[in-house]
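*Asks:* Line by line, the protein sequences give chains A and B.
Start counting the first sequence at 1; every next residue gets the next number (my numbering).
Start counting the second sequence at 1; every next residue gets the next number (my numbering).
By construction, the Cβ of each residue, glycine as well, lies at the ideal position given by its N, Cα and C atoms.
To start, I am sharing the structure in question, which I have written as structure tokens.
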Amino acid sequence: MKLVRKSGVQLAALVITLLLLPFITDALLGRGWVRIADFAMLYIMLALGLNIVVGYAGLLDLGYIAFFAVGAYCYALTGSPHLALAFPMAFPDGVHLSFWIVLPLAALTAGSFGMLLGAPTLRLRGDYLAIVTLGFGEIIRIFLNNLNAPINLTNGPQGISRIDPVRVADVSLSATQNIFGIAFPSVHLYFYLFLAFTALVVIVSRRLERSRIGRAWMAIREDEIAASAMGLNTRNLKLLAFAMGAMFGGASGALFAGFQGFVSPESFSLMESIMVLCMVVLGGMGNIAGVILGGVLLAILPEVLRHSVVPLQQALFGKTVVDPESLRMLLFGTALIVMMLYRPAGLLPSRVRRRELGSDEAPESL
Amino acid sequence: MEILLQQIINGLVQGSVYALVALGYTMVYGILGLINFAHGEVVMVGAMLALSALTALLGMGVPPVPALLFSVMVAMAGCMVLGYGIERIAYRPLRHASRLAPLITAIGVSIVLQNLAMMIWGREYHSFPQLISNDTHNFGGAIINDIQIVIFILALAIMAGLMVVVHRTRLGCAMRAVAENQHAAQLMGVDINRVISITFMLGSALAAIAGLMVSANYGLAHYYMGFLLGLKAFTAAVLGGIGNLRGAMLGGLLLGLIESLGAGYIGDLTGGFMGSNYQDVFAFFVLIAVLVFRPSGLLGERLAERA
Numbered sequence: 001m002k003l004v005r006k007s008g009v010q011l012a013a014l015v016i017t018l019l020l021l022p023f024i025t026d027a028l029l030g031r032g033w034v035r036i037a038d039f040a041m042l043y044i045m046l047a048l049g050l051n052i053v054v055g056y057a058g059l060l061d062l063g064y065i066a067f068f069a070v071g072a073y074c075y076a077l078t079g080s081p082h083l084a085l086a087f088p089m090a091f092p093d094g095v096h097l098s099f100w101i102v103l104p105l106a107a108l109t110a111g112s113f114g115m116l117l118g119a120p121t122l123r124l125r126g127d128y129l130a131i132v133t134l135g136f137g138e139i140i141r142i143f144l145n146n147l148n149a150p151i152n153l154t155n156g157p158q159g160i161s162r163i164d165p166v167r168v169a170d171v172s173l174s175a176t177q178n179i180f181g182i183a184f185p186s187v188h189l190y191f192y193l194f195l196a197f198t199a200l201v202v203i204v205s206r207r208l209e210r211s212r213i214g215r216a217w218m219a220i221r222e223d224e225i226a227a228s229a230m231g232l233n234t235r236n237l238k239l240l241a242f243a244m245g246a247m248f249g250g251a252s253g254a255l256f257a258g259f260q261g262f263v264s265p266e267s268f269s270l271m272e273s274i275m276v277l278c279m280v281v282l283g284g285m286g287n288i289a290g291v292i293l294g295g296v297l298l299a300i301l302p303e304v305l306r307h308s309v310v311p312l313q314q315a316l317f318g319k320t321v322v323d324p325e326s327l328r329m330l331l332f333g334t335a336l337i338v339m340m341l342y343r344p345a346g347l348l349p350s351r352v353r354r355r356e357l358g359s360d361e362a363p364e365s366l
Numbered sequence: 001m002e003i004l005l006q007q008i009i010n011g012l013v014q015g016s017v018y019a020l021v022a023l024g025y026t027m028v029y030g031i032l033g034l035i036n037f038a039h040g041e042v043v044m045v046g047a048m049l050a051l052s053a054l055t056a057l058l059g060m061g062v063p064p065v066p067a068l069l070f071s072v073m074v075a076m077a078g079c080m081v082l083g084y085g086i087e088r089i090a091y092r093p094l095r096h097a098s099r100l101a102p103l104i105t106a107i108g109v110s111i112v113l114q115n116l117a118m119m120i121w122g123r124e125y126h127s128f129p130q131l132i133s134n135d136t137h138n139f140g141g142a143i144i145n146d147i148q149i150v151i152f153i154l155a156l157a158i159m160a161g162l163m164v165v166v167h168r169t170r171l172g173c174a175m176r177a178v179a180e181n182q183h184a185a186q187l188m189g190v191d192i193n194r195v196i197s198i199t200f201m202l203g204s205a206l207a208a209i210a211g212l213m214v215s216a217n218y219g220l221a222h223y224y225m226g227f228l229l230g231l232k233a234f235t236a237a238v239l240g241g242i243g244n245l246r247g248a249m250l251g252g253l254l255l256g257l258i259e260s261l262g263a264g265y266i267g268d269l270t271g272g273f274m275g276s277n278y279q280d281v282f283a284f285f286v287l288i289a290v291l292v293f294r295p296s297g298l299l300g301e302r303l304a305e306r307a
């Protein structure tokens, strides 16, 4: 939150640390951890996008990863040889649009899906949005899994591979590049790309938070009836928050597809939505620094679990009783419950949010 | 014509199960104004518990019918404890918190149950032992088997029983009073917490039976079965008018029919573009359509607008 307010020296120190991070990580922990840092950045972008919906506007979106999927498939279809299979006449080599053209398109497509989904539900109580988004997250996977016949659009469960890497000024990020005599491996290059985007998302979130729209969202979150009595068009504002969150999700999805070079429906399960929600809730809803903290913690957690739980169980029982994957989900679920019960405003609460969620006021009259 | 009749039969059987689960959603919603996201997982736990008890009992040489009855008891008891626990842990402390909080704990409970079930019963599908005779009957060209008949009749009987409880007993009177106005009910000497706990337990007991029915009908049980089932049953509750018991029953049967007919004819309707593998998307479109055109549902009278 205070990232930008800090004095120039601190800001410069932060920037330099972040710029050196891939090299430090590479030297201390190995290349694999730079990749994990890349994913952490992606997750932070996603979590910040969801934070607009859940944290600012107070709308529960349980299918957020679906928008990520929409964005990812947008780039997968328009940046790979895949469409040659479905339309060999029109696209003999597939479609290879530049990433920078697809990125806004992916965001817009995801945003439109958000509008389509939000328009019927947002005029009703928040619970409906939660369950509709939950359903949407599952439906999109059914479509991705089945739209391989009779026209092979998504290639079904096998997913789409050989997606073009992101290119910046005609330099491919998927190969090691020598810049000023320093070798930058691909994961480092993507780290800088994601870092730039994360910074952008942070700045946009910050500006939004303080803007007229942001304040209106928070007013709606705290008391919708009062907000609408103050003349706010609550439905349109909620729709805006929802669509904007979806756009961030779509843009992150396109980045993900470019980075991975491969997408399949498996990456977009309900568990991923829950994980992103968990980042927002754990860190502190409505607080940018908190959400970033949540993103970092939860992106690293699976690795920590893999390196600690398996050997521990091997030592204790001689075999792996509980696999780290389900243990992780179990922890997420428990975290959601425990956080809501004991620390509803998150690890790093925003001041406004703490006041609201911690309130123990009289029950609303029925 | 036979296909139509067959799809109607399948739809009604499946729909009666949806109705049982939908009742659980609608009862809780009527009383607390809260969607119990974890309800689908309670159904799954019911199915798994019943299956485990059944397998164990059959393994000990207990005859099928007593074994089945006892497993139903075990599943119901287990789910009632679970329902009670969910309410106490995840919902009661947050009754006066912001709207978002109980929704988030609900999804948390749901994830925890799913993953615990996966740890206990594994990722694989469990097949349901064949117990009662599974003779098929020819019914005007369509085929219906004994299990389907039992499911349908039992579901209707349970629903009738629930209506009697809600409308003819002191407990039911208290439940309706709490649903109408919690504070007024409290002033009239109704123990609200007790009524809410009993509502959760009642809904969970229905869920346990529904879980057993689903796994008997398909011959399978799986740790992930509760998720989609819960979503569909919720759709059924909304379709009928959430908070309305008759609505949940009607909505369940209707949704079963829509789904079964839809899956049966989608191939013809879309010229073969989409097949029955899209069966699961119907409920979702029904949900969206209801929310657009009639958010209060078919039988719901008040449009819930308590922000």
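#1: Cβ of residue 333/A less than 8 Å from any chain B Cβ?
#2: Can you give me the C-alpha to C-alpha distance between residue 95/A and residue 250/A, rounded to a whole angstrom?
#3: Quick check on the DSSP output: the beta strand (DSSP E) that includes residue 136/B runs from which residue to which?
#4: For residue 244/A, collect the residues of the same chain with a Cβ closer than 6 Å to its Cβ; drop the 5 residues on either side in sequence, then sort them by chain order.
#5: Can you look up residue 160/A in the DSSP assignment and give me helix, strand or coil?
#6: Hey, out of 60/B, 252/B and 61/B, whose CA is closest to residue 286/B's CA?
#7: State the start and end residues of the unbroken alpha helix (DSSP H) segment that holds residue 145/B.
#8: Going by DSSP, what residues sit across from residue 184/A in a beta bridge?
#9: Would residue 27/B count as contacting chain A if we go by Cβ distances under 8 Å?
#10: Compare the C-beta of residue 108/B with all C-beta atoms of chain A and state if any pair is closer than 8 Å.
#11: What are the residues of the segment 119 to 153 of chain B that lie near chain A, defined by any Cβ-Cβ distance shorter than 8 Å?
#12: Could you compute how far the alpha carbon of residue 70/A sits from the alpha carbon of residue 110/A?
#13: By Cβ distance below 7 Å, which residues in the same chain neighbour residue 158/A in space, the five residues on each side in sequence not counted?
#14: Would a check of beta-carbon distances place residue 115/B closer than 8 Å to chain A?
#15: Go ahead and label residue 60/B buried or exposed: buried means 16 or more other beta carbons lie within 10 angstroms of its beta carbon, across all protein chains shown.
#16: Chain B beta carbons: is any one of them nearer than 8 Å to that of residue 152/A?
#17: Under 8 Å, Cβ to Cβ, is there at least one residue of chain A near residue 280/B?
#18: Note down, in chain order, each residue of its chain lying with its Cβ closer than 7 Å to the Cβ of residue 361/A, except the 5 sequence neighbours on either side.
#19: Can you give me, in chain order, the residues of the segment 278 to 301 of chain A that have a beta carbon less than 9 Å from any beta carbon in chain B?
#20: Look up residue 238/B in the DSSP assignment and say whether it is helix, strand or coil.
#21: May I ask you to list the residues that DSSP assigns as paired with residue 221/B?
#22: Mapping DSSP to helix, strand and coil, what is residue 307/A?
#23: Here's a check: name, in chain order, each residue in its chain whose Cβ is nearer than 6 Å to the Cβ of residue 10/B, leaving out the five neighbours to either side.
#24: Go ahead and pull the three-state DSSP assignment for residue 13/A.
#25: Taking only three categories from DSSP, how would you classify residue 16/B?
#26: With a threshold of 8 Å, are at least 3 pairs of Cβ atoms found where one atom belongs to the segment 126 to 146 of chain A and the other to the segment 166 to 181 of chain A?
#27: Find the residues of chain B that neighbour residue 329/A, judging by a C-beta separation of less than 7 Å, and give them in chain order.
#28: What residues from chain B crowd round residue 17/A, counting only those whose CB sits closer than 9 Å?
#29: Does chain A have any CB closer than 8 Å to the CB of residue 101/B?
#30: Could you list which residues in chain B have their beta carbon closer than 7 Å to that of residue 176/A, in chain order?
#31: What number of angstroms, rounded off, separates the C-alpha of residue 264/B from the C-alpha of residue 139/A?
#32: State the beta-bridge partners of residue 79/A as determined by DSSP.
#33: Skipping 5 residues on each side, what residues in its chain have a beta carbon closer than 7 Å to that of residue 280/A?
#34: Given a cut-off of 8 Å on the beta-carbon distance, is the pair residue 83/B and residue 204/B in contact?
#35: Under 8 Å between beta-carbons, which chain A residues line up against residue 105/B? List them in chain order, please.
#36: Using C-beta distances below 6 Å, list every residue in its chain close to residue 137/B, excluding the 5 sequence neighbours before and after it, in chain order.
*Replies:* Concretely, from the data shown:
#1: yes
#2: 19 Å
#3: 136 to 139
#4: 52
#5: strand
#6: 252/B
#7: Where residue 145/B is concerned, there is no enclosing alpha helix (DSSP H), although the beta strand (DSSP E) it sits in stretches over 142 to 145.
#8: 177/A
#9: no
#10: yes
#11: 119
#12: 6 Å
#13: 264
#14: yes
#15: exposed
#16: no
#17: yes
#18: Below a pLDDT of 50, predicted positions are generally treated as unreliable, and residue 361/A, at 45, falls in that range; no measurement from the model is reported.
#19: 278, 281 and 285
#20: helix
#21: 126/B
#22: helix
#23: 260
#24: helix
#25: helix
#26: no
#27: 111 and 115
#28: Per Cβ cutoff of 9 Å: no residues; residue 17/A is ~33 Å from chain B at best.
#29: yes
#30: By Cβ distance, chain B contributes nothing, its closest Cβ being about 39 Å from residue 176/A, past 7 Å.
#31: 19 Å
#32: 96/A
#33: 47, 50, 51, 54, 55, 291 and 294
#34: yes
#35: 336, 337, 340 and 341
#36: 144
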